[in-house]
Amino acid sequence: MAEEAKGAGQEKKGKKGKLFLILAVILLVTAGAGVGAYLLLYSKDRRDKSLTPKDQVGVMMELGTFTLNLADKDRDAYIRISITVELSDEKVRQEVEKRLPIIKDAVIDVISSKTSSFVKTPEGRESLRLELIKRLNSVLVEGGIRNIYFTEFVVQTS
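If you read the sequence shown in the numbering used here, its first letter stands for residue 16, the second for the next number, and so on.
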C-alpha cells in the first residue's frame, strides 16, 4: 500500500511537470511570435520606406476653373470647379502642358456626365476624383498624376 501511495504521488508530480512544461513552451512561442510581429511591423527601415513616397508632395499644377452643365434630366444644373493636379515630377508637368487641350477635354467629358445629386455627396466627389485621375493618366504617356484637388466646388440647380 505504501508503494501505491508513493507511485500515485509521483504520477501527480509527473503530470504537473509535463503540464508546466507544455504551458512554458506555449508561452515562449507566443512571446516569440509577438516580438517577431512587433519587429516586422515597426522596424525603422520599414517605416522609412513606407513614408518616403507618400509624404513628399509632388509638383502642383492648376488646370483652371471649369463652369459646366451637369447631366440632370429633370432640371438645369451647373458646376463651377477649380482643379489642381499633383504630378509625380517636373517631366510629367511638361507632358501635361503639351497635352493640356486633350486633358481639359477629358475633364469636361467626365464632369459633365455626372448629375448634381452624384457630385454633391462626399462619395460622389471621391469617385469623381478617382475617375479623373484614371482618365487623365490614360491620356499621358507616362501617367504620373498622383492626386487631384478641387480648390473650388460649387453646384447650382434650378
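Virtual Cβ for every residue (Gly too), placed ideally from N, Cα, C.
Let me confirm a value: residue i is counted as buried when at least 16 other C-beta atoms fall within 10 Å, else exposed. Which label applies?
i: I117; result: exposed
i: K129; result: buried
i: G51; result: exposed
i: I96; result: buried
Sort out for me which residues DSSP pairs residue i with in a bridge.
i: E77; result: T99
i: Y93; result: N84, Q171
i: F165; result: I98
i: I160; result: L102
By the three-class DSSP mapping on this structure, what secondary structure does residue i have?
i: T67; result: For T67, the pLDDT reaches just 48, beneath the cut-off of 50, and the residue's location in the model is therefore unreliable, although a value from the coordinates is still provided. Looking at T67 - three-state DSSP - the assignment turns out to be helix.
i: V176; result: Residue 176 is absent from the structure shown; the chain starts at 16 and stops at 173.
i: R108; result: helix
How big is the Cα-Cα spacing for residue i and residue j?
i: I148; j: R161; result: 8 Å
i: I119; j: L78; result: This sequence places Lys at residue 119; Ile is not what is there. Taking the straight line joining both Cα atoms gives about 7 Å.
i: G73; j: S103; result: 5 Å
i: K113; j: A92; result: 32 Å
Would residue i and residue j qualify as a contact pair, given that the criterion is a beta-carbon distance under 8 Å?
i: L151; j: A121; result: yes
i: T82; j: E167; result: no
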